[in-house]
Amino acid sequence: MQLLLIEDDAAMQATLQRTLSRRGIHVTAVGDGALALNAWQAARPDAVVLDLSLPGMDGLEVLASARGRGWVTPVLILTARGTVGDRVLGLNTGADDYLAKPFDLDELEARLCALVRRAKPDDAALRPEQDALGAGGVRYDKAAGAFYLGSELLELPPREVALLKALMQQLGQAVTKERLFAAVFAGEADVQLEAIEVVAYRLRKKLAATGLQLMTLRGLGYLLKVG
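Residue numbers (the numbering used here): 38 to 264.
Below, the structure written as structure tokens:
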């Protein structure tokens with residue numbers, strides 16, 4: 038795994054870089070928000086660990102700028118800010134996971150591995166019908182692990198890709214929040230069911246110009262339809 042660590046605490050940065058490197062993870066570290074985007078572009082990491090309190094540029098600003106450029110690298114926010122409001126703000130900005138300090142290194146590694154697995158799914162684990170997923174001009178490319186609108190790549194982070202795949206497999210049918218949660222947040226026991234609403238909200242906005250509609254069915258879940 039190629040990991041970009043954006044953390045301004047020198048002791049924390051050194052500890053994580055040393056410990057994760059021993060576990061076979063190649064870590065590129067940067068401690069300034071203003072330099073983080075250049076490091077992100079240069080390193081092309083499999084995942085990013087991002088602290089929120091950074092000099093030069095706040096972590097949320099870094100994340101918003103990266104997502105605005107279409108970078109879909111999985112991001113785990115690592116911060117001392119542990120309130121629900123901060124978690125929701127981070128997820129709404131485009132984060133894929135959230136871990137509050139202090140934390141367990143084994144849990145950090147497990148969460149990173151889960152993010153990378155979702156971003157680069159094992160082809161053997163995909164159901165055969167996923168090869169030909171498509172509707173309304175949007176199609177899923179199994180080899181790329183991405184959705185396209187015509188020939189244009191739809192810039193979706195891993196959780197939105199997982200949600201769209203689950204919905205497209207049941208096109209025109211209601212899918213419960215619980216079932217979608219299981220597909221999007223597999224193995225994440227400490228994530229609340231309501232987190233699926235954040236992912237659905239972001240995906241709905243990105244589908245607005247594709248010919249697909251993501252509908253919320255109160256008391257049931259969600260439905261994806263054409264037109």
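We put the CB at the ideal spot given by N, CA and C, even for glycine.
Please read all numbers here as calculations on a predicted model, not as lab measurements.
I need the straight-line Cα distance from residue i to residue j, nearest angstrom please.
| i | j | result |
| --- | --- | --- |
| Q284 | L170 | The first residue shown for the chain is 38 and the last is 264, placing residue 284 beyond what the model contains. |
| L57 | A103 | 24 Å |
| Q210 | L257 | 11 Å |
| L40 | N129 | 22 Å |
| D95 | W77 | 15 Å |
| L113 | E197 | 15 Å |
| Q250 | K262 | 5 Å |
| L72 | E234 | 32 Å |
| G107 | D134 | 18 Å |
| L74 | A156 | 20 Å |
| P92 | L42 | 14 Å |
| V99 | A132 | 11 Å |
| Y177 | S188 | 11 Å |
| M205 | L254 | 16 Å |
| P165 | A223 | Confidence is the limiting factor: at P165 the pLDDT is only 37, short of 50, which leaves the residue's position unreliable and the question unanswerable from this model. |
Just to check my reading of the structure: residue i and residue j have Cβ atoms closer than 8 Å, yes? What is that Cβ distance to the nearest angstrom?
| i | j | result |
| --- | --- | --- |
| L217 | L200 | 6 Å |
| L260 | M252 | 5 Å |
Do residue j and residue i come within 9 Å of each other at the CB atom, strictly closer than that value?
| i | j | result |
| --- | --- | --- |
| P195 | V109 | yes |
| G174 | L186 | yes |
| L145 | L230 | no |
| G70 | A47 | no |
| A203 | A183 | no |
| L97 | L115 | no |
| P111 | D83 | yes |
| V3 | M38 | Outside the shown range of the chain (38 to 264) lies residue 3, about which nothing can therefore be said. |
| A172 | E225 | no |
At what residues does the beta strand (DSSP E) containing residue i begin and finish?
| i | result |
| --- | --- |
| L249 | L249 to L254 |
| G175 | The sequence as given places Val at residue 175; Gly does not occur at that position. First-last of the beta strand (DSSP E) with V175: V175 to D178. |
So the alpha helix (DSSP H) residue i belongs to, where does it begin and stop?
| i | result |
| --- | --- |
| R148 | L142 to A156 |
### Message
Quick test of the definition: if touching needs 3 or more C-beta pairs under 8 Å, does the segment 129 to 142 touch the segment 88 to 103?
### Response
yes
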